[in-house]
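Undergrad: In order, the protein sequences belong to chains F and L.
First residue of the first sequence: 1, per my numbering; consecutive thereafter.
First residue of the second sequence: 1001, per my numbering; consecutive thereafter.
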Amino acid sequence: DGGITQSPKYLFRKEGQNVTLSCEQNLNHDAMYWYRQDPGQGLRLIYYSQIVNDFQKGDIAEGYSVSREKKESFPLTVTSAQKNPTAFYLCASSIGSGASYGYTFGSGTRLTVV
Amino acid sequence: KQEVTQIPAALSVPEGENLVLNCSFTDSAIYNLQWFRQDPGKGLTSLLLIQSSQREQTSGRLNASLDKSSGRSTLYIAASQPGDSATYLCAVRGGGGSNYKLTFGKGTLLTVNP
Chain F
1 DGGITQSPKY
11 LFRKEGQNVT
21 LSCEQNLNHD
31 AMYWYRQDPG
41 QGLRLIYYSQ
51 IVNDFQKGDI
61 AEGYSVSREK
71 KESFPLTVTS
81 AQKNPTAFYL
91 CASSIGSGAS
101 YGYTFGSGTR
111 LTVV
Chain L
1001 KQEVTQIPAA
1011 LSVPEGENLV
1021 LNCSFTDSAI
1031 YNLQWFRQDP
1041 GKGLTSLLLI
1051 QSSQREQTSG
1061 RLNASLDKSS
1071 GRSTLYIAAS
1081 QPGDSATYLC
1091 AVRGGGGSNY
1101 KLTFGKGTLL
1111 TVNP
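(1) Is the separation between the beta-carbon of Leu1110/L and that of Leu1011/L shorter than 8 angstroms?
(2) Can you tell me where the beta strand (DSSP E) holding Gln1051/L begins and where it ends?
(3) Please report whether the beta-carbon of Ser107/F lies at a distance below 8 angstroms from any beta-carbon of chain L.
(4) With 8 angstroms as the limit, tell me which residues of the segment 1016-1038 of chain L have their beta carbon closer than that to any beta carbon of chain F; keep them in chain order.
(5) Could you work out which residues of chain L lie near Ser100/F, taking near to mean beta carbons separated by less than 7 angstroms?
(6) Taking the CB atoms as reference points, tell me whether Val1013/L and Ser1080/L lie closer together than 8 angstroms.
(7) Which residues in chain L have a C-beta closer than 8 angstroms to the C-beta of Gln41/F? List them in chain order.
(8) Strictly below 7 angstroms CB to CB, what residues from chain F border Gly1096/L?
(9) For Asp1084/L, name the three-state secondary structure that DSSP assigns.
(10) Apply the 10 Å Cβ neighbour rule to Asn1032/L and answer buried if 16 or more other Cβ atoms are within range, or exposed otherwise.
(11) For Phe1025/L, name the three-state secondary structure that DSSP assigns.
(12) Does Gly1083/L get closer than 8 angstroms to chain F when you measure Cβ to Cβ?
(13) Considering only DSSP beta bridges, list what Ile1007/L is partnered with.
(14) May I have the straight-line CA-CA distance separating Asp38/F from Ala87/F, to the nearest angstrom?
(15) So Tyr33/F packs on Ala92/F, CB below 8 angstroms; how close in whole Å?
(16) What did DSSP end up calling Lys70/F once you bin it into helix, strand or coil?
(17) Rounded C-beta distance between Gln1038/L and Leu1044/L? I'm assuming under 8 angstroms.
(18) Quick one: what's got a C-beta closer than 8 angstroms to Gly16/F's C-beta in the same chain, skipping five residues either side?
(19) Closest to Asp1084/L by C-alpha separation, out of Asn1113/L, Arg1072/L and Tyr1100/L, would be which residue?
(20) When you compare only the Cα positions, how much space is there between Thr104/F and Leu11/F?
(21) Apply the 10 Å Cβ neighbour rule to Gln56/F and answer buried if 16 or more other Cβ atoms are within range, or exposed otherwise.
(22) Let me confirm a value: Lys9/F is counted as buried when at least 16 other C-beta atoms fall within 10 Å, else exposed. Which label applies?
(23) Taking the beta strand (DSSP E) that Lys57/F belongs to, which residues open and close that run?
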């Protein structure tokens, strides 16, 4: 079945560490996105990529970095510069960057600072 | 800036009841609106996608309407079941000067009691 796979499901980060969240899709979608979800808040956009080797900052990109070397993969690195990284991270994709397309989401990664 | 509001924040109903969830958005220049379901600790499951040119979409017991000019959408759930218990999220694509990202409401937590 086609879909989006996020791993790991749970991730623990020590102070000062960088960690990388994986997102892989086999839907042949061009566009991919990373959102952050905090309790009591709506989802907020971190980064997005419309095509391979290109990505743009979203609303809350500080302390995060991404790469898009392959169409299927869009990993997110949470750096030590992100002061409050504990959250639920969701990866999504859409067929293209055209505005008529809907989103498909993965199952999420819960990141906790220990 | 696009803002999305969902009312009510929480709703508890007995099994079998028909119910309506509300979503409003501030900028009517949207491309589409998508309703999602989120179970605790899980990712988002797309329920319905309504393009800006459409008035409603139906899937099984779910019906979503869109009144773009007034900035409102409703999700109607017929004959509710305990398995419908989840958080329902409304998201709009476009408005606020962007066509690439979804802007989410904070969700309605639905509990259907047996």
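All C-beta atoms, glycine included, are put in the ideal place defined by N, C-alpha and C.
TA: In terms of the structure at hand:
(1) One thing to note: Leu1110/L has its Cβ within 8 angstroms of the Cβ of Leu1011/L.
(2) First-last of the beta strand (DSSP E) with Gln1051/L: Leu1044 to Gln1051.
(3) Output row for Ser107/F: interface = yes.
(4) Listed in sequence order: Tyr1031, Asn1032, Gln1034 and Phe1036.
(5) Neighbours of Ser100/F on chain L, chain order: Tyr1031, Asn1032 and Gln1051.
(6) Yes, they are a contact pair.
(7) Lys1106, listed in chain order.
(8) What Gly1096/L touches in chain F, judged by beta-carbon distance under 7 angstroms, is nothing: the nearest beta carbon there is about 10 angstroms away.
(9) Under the three-state reduction of DSSP, Asp1084/L is assigned to helix.
(10) Label assigned to Asn1032/L: buried.
(11) Strand at Phe1025/L.
(12) Output row for Gly1083/L: interface = no.
(13) According to DSSP, Ile1007/L bridges with Asn1022/L.
(14) Using only the alpha carbons, I get a separation of about 6 angstroms.
(15) Their Cβ separation, rounded to whole angstroms, is 4 angstroms, which keeps Tyr33/F and Ala92/F in contact under 8 angstroms.
(16) Residue state for Lys70/F is assigned as strand, using DSSP reduced to three classes.
(17) About 5 angstroms separates the two Cβ atoms, so the contact holds.
(18) In its chain, beyond the 5 residues on either side, Ser80 have a beta carbon closer than 8 angstroms to the beta carbon of Gly16/F.
(19) Of the candidates Asn1113/L, Arg1072/L and Tyr1100/L, the one whose C-alpha sits nearest the C-alpha of Asp1084/L is Asn1113/L.
(20) If you take the alpha carbons of Thr104/F and Leu11/F, they lie about 22 angstroms apart.
(21) Exposed, because fewer than 16 other Cβ atoms sit within 10 Å of the Cβ of Gln56/F.
(22) With fewer than 16 other Cβ atoms from the protein chains shown falling within 10 Å of its own Cβ, Lys9/F counts as exposed.
(23) In this chain, the beta strand (DSSP E) harbouring Lys57/F covers Asp54 to Lys57.
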